[in-house]
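Adding 638 to a residue's 1-based position in the sequence shown gives its number in the working numbering.
C-beta atoms are modelled at their ideal positions from N, C-alpha and C, and glycine is treated no differently.
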Amino acid sequence: MTNRKRPKVYITRKLPDAVETRMRELFEAELNVDDKPRTREELIAAVKTADVLVPTVTDRIDAALIAEAGPQMKLIASFSNGTDHIDIDAAAKKGITVTNTPNVLTEDTADMTMALILAVPRRLVQGARVLMDKPGEWEGWSPTWMLGRRIWGKRIGIIGMGRIGTAVARRAKAFGLSIHYHNRKRVNPATEDELEATYWDSLDQMLARVDIVSVNCPSTPATFHLLSARRLALLQPTSYVVNTARGDIIDEDALIQALRAGKIAGAGLDVFENEPAVNPKLVKLANEGKVVLLPHTGSATIEGRIDMGDKVIINIRTYFDGHRPPNRVLPNRG
639 MTNRKRPKVY
649 ITRKLPDAVE
659 TRMRELFEAE
669 LNVDDKPRTR
679 EELIAAVKTA
689 DVLVPTVTDR
699 IDAALIAEAG
709 PQMKLIASFS
719 NGTDHIDIDA
729 AAKKGITVTN
739 TPNVLTEDTA
749 DMTMALILAV
759 PRRLVQGARV
769 LMDKPGEWEG
779 WSPTWMLGRR
789 IWGKRIGIIG
799 MGRIGTAVAR
809 RAKAFGLSIH
819 YHNRKRVNPA
829 TEDELEATYW
839 DSLDQMLARV
849 DIVSVNCPST
859 PATFHLLSAR
869 RLALLQPTSY
879 VVNTARGDII
889 DEDALIQALR
899 AGKIAGAGLD
909 VFENEPAVNP
919 KLVKLANEGK
929 VVLLPHTGSA
939 TIEGRIDMGD
949 KVIINIRTYF
959 DGHRPPNRVL
969 PNRG
């Protein structure tokens, strides 16, 4: 690539300084220094002139936008693990390669999932707010005050036993939880044996039998509202739901109704159906101590973001060196 013209790379959001510095060294990179989300008009202008678009999960790269791309646009190197924000089929038809940044956020997201699994039943946020919101009013330890629920010995049902789901299972097992999972297919026997995991072909049957549900599957048309009102009704009134995957996998309105009616005990959410908007009813439930809400920070570690940037750079360099990028995303495989 050193003997060729440097590709013009358009980056839609502020990335870690170390990543941006390397981008400027290697490419003709247009940065987003103030991190203001790009408008639709700015994205259209970018795809008409740039060789590479580097979007994030907050950018909608749909068929209409891709249709605006000029003949020089060859690569969409997404700064993300998921690619549900990109129309992969439209890009392929236009002759544009799409890449993502897999396998670098697994442990960070699993850590956050486990944090929510602990935070909701043990009422961690409520307890912290007692000390922060009303300093000096805490009267000390009491045998019956701020009681939560034990997670040791409970059953966790993991929806989506990919890399993140498996990492969650390993953490959950260390905390004394019994592992149950639903997946498109069973994991390999060695992993099942290691985790002492029980596979459920029927999601409905699993939901009726577990105490904690962890959503770790990708967002696809098949998983839209996978946890519907009907399925949420299968849960026990003492059960909890945790979602660090994508907001639209759960029917948010149905979840709110179930929480308000006491049909389930609580929820921990790092993602929302209409991000960045958060349903005010969820905020109210959070203030009542029934929900823990986080601002999509499951993968938000310095190390993880730099690793993502490194993968973006590798994908761009590999493509313009005339090779197949290591993280190419193919049509219909999301």
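CB of residue i within 8 Å of CB of residue j, strictly
| i | j | result |
| --- | --- | --- |
| Ile-944 | Ala-656 | yes |
| Ile-850 | Val-806 | no |
| Ile-734 | Ala-757 | no |
| Pro-1031 | Thr-721 | Limits of the chain in this structure are 639 at one end and 972 at the other, which puts residue 1031 out of reach. |
| Ala-883 | Asn-854 | yes |
| Ala-903 | Ser-877 | yes |
| Lys-712 | Asp-749 | no |
| Val-742 | Lys-949 | yes |
| Gly-786 | Arg-761 | yes |
| Trp-790 | Phe-813 | yes |
| Pro-654 | Ile-940 | yes |
Residues near residue i by beta carbon distance below 8 Å, same chain, minus five either side
| i | result |
| --- | --- |
| Glu-830 | Arg-824, Tyr-837 |
| Asp-673 | Arg-651, Lys-652 |
Length of the line joining the Cα atoms of residue i and residue j
| i | j | result |
| --- | --- | --- |
| Gly-927 | Arg-898 | 11 Å |
| Thr-640 | Arg-651 | Residue placement at Thr-640 cannot be trusted, given a pLDDT of 47 that sits under 50; the coordinates are not used to answer. |
| Glu-679 | Glu-745 | 36 Å |
| Pro-875 | Ile-726 | 40 Å |
| Leu-815 | Lys-792 | 5 Å |
| Val-992 | Tyr-648 | Nothing in the structure corresponds to residue 992, since the chain is present only between 639 and 972. |
| Leu-907 | Val-929 | 8 Å |
| Phe-665 | Val-692 | 12 Å |
| Val-763 | Pro-645 | 47 Å |
| Arg-809 | Ala-896 | 28 Å |
| Val-909 | Pro-856 | 12 Å |
| Arg-698 | Ala-915 | 16 Å |
| Lys-643 | Val-921 | 51 Å |
| Lys-901 | Phe-958 | 54 Å |
| Phe-717 | Met-752 | 24 Å |
| Arg-788 | Asp-771 | 26 Å |
| Ala-667 | His-723 | 22 Å |
| Thr-659 | Val-671 | 12 Å |
| Pro-709 | Gly-960 | 17 Å |
| Pro-675 | Gly-942 | 21 Å |
| Ala-828 | Arg-822 | 18 Å |
| Pro-781 | Thr-694 | 48 Å |
| Ala-832 | Ala-766 | In the sequence under discussion, the amino acid at residue 832 is Glu, which differs from the Ala named in the question. So the alpha carbons of these two residues sit roughly 36 Å apart. |
| Pro-759 | Leu-870 | 18 Å |
| Asn-719 | Thr-687 | 25 Å |
| Asn-917 | Thr-956 | 42 Å |
| Ala-835 | Gly-774 | 46 Å |
| Trp-776 | Gly-803 | 38 Å |
| Leu-754 | Ala-905 | 8 Å |
| Leu-864 | Met-799 | 15 Å |
| Arg-868 | Asn-826 | 30 Å |
| Lys-731 | Lys-811 | 45 Å |
| Ala-938 | Ala-860 | 27 Å |
Expected contact under 8 Å - CB spacing of residue i and residue j to nearest Å
| i | j | result |
| --- | --- | --- |
| Arg-661 | Ile-951 | The residue you asked about is not Arg; residue 661 is Met in the sequence shown. Right, their Cβ atoms sit about 7 Å apart. |
| Ile-682 | Leu-703 | 6 Å |
| Met-946 | Thr-739 | 4 Å |
| Thr-696 | Gly-936 | Their Cβ separation, rounded to whole angstroms, is 15 Å, which puts Thr-696 and Gly-936 out of contact at 8 Å. |
| Ala-846 | Leu-872 | 5 Å |
Same chain only: Cβ atoms within 6 Å of residue i, ignoring 5 sequence neighbours per side
| i | result |
| --- | --- |
| Asn-970 | none |
| His-820 | Ile-797, Trp-838, Leu-841, Met-844 |
| Gly-795 | His-818, Met-844, Val-848, Val-851 |
| Glu-911 | Gly-885, Asp-886, Glu-890 |
| Leu-932 | Asp-908 |
| Ile-894 | Lys-919 |
| Phe-862 | Asp-886 |
| Arg-801 | Thr-744 |
| Leu-923 | Leu-897, Val-929 |
Proximal residues to residue i (C-beta, below 7 Å), its chain only, five neighbours per side dropped
| i | result |
| --- | --- |
| Ala-729 | Ile-704, Ile-714, Val-736 |
| Asn-967 | Before going further, note that residue 967 is Val rather than Asn in the sequence given. Excluding sequence neighbours, Val-967 sits near Thr-721, Ile-726, Val-736, Thr-737, Asn-738. |
| Asp-700 | Asp-725 |
| Glu-913 | Gly-885, His-934 |
| Asn-965 | Thr-737, Asn-738, Thr-739, Pro-740, Lys-949, Asn-953 |
Min CB distance residue i to chain D below 8 Å
| i | result |
| --- | --- |
| Pro-827 | Looking at the structure shown, chain D is missing, and only one protein chain is on hand. |
(request) Could I get the ranges of all uninterrupted alpha helix (DSSP H) runs contained in the stretch 841 to 886, with 4 residues as the minimum, in chain order? (result) With a minimum length of 4 residues, the continuous alpha helix (DSSP H) runs that stay inside the stretch 841 to 886 are 841 to 845, 867 to 870.
(request) Could you pull out every unbroken alpha helix (DSSP H) segment of at least 4 residues lying fully inside the stretch 726 to 768, listed in chain order? (result) Within the stretch 726 to 768, the complete alpha helix (DSSP H) segments of 4 residues or longer fall at 726 to 731, 744 to 757, listed in chain order.
(request) Please go through the stretch 677 to 721 and give each complete beta strand (DSSP E) segment of 3 or more residues, from N-terminal end onward. (result) If only complete runs of 3 or more residues are kept, the stretch 677 to 721 shows the beta strand (DSSP E) at 690 to 692, 713 to 715, in order along the chain.
(message) Report the start-end ranges of each beta strand (DSSP E) in the stretch 890 to 932 that is 3 residues or longer and not cut off at the edges.
(response) Counting only runs of 3 or more, we get 904 to 907, 929 to 931.
(request) Taking only runs that begin and end inside the stretch 797 to 830, name each unbroken alpha helix (DSSP H) of 4 or more residues, in chain order. (result) Segments of the alpha helix (DSSP H) lying fully in the stretch 797 to 830: 801 to 812.
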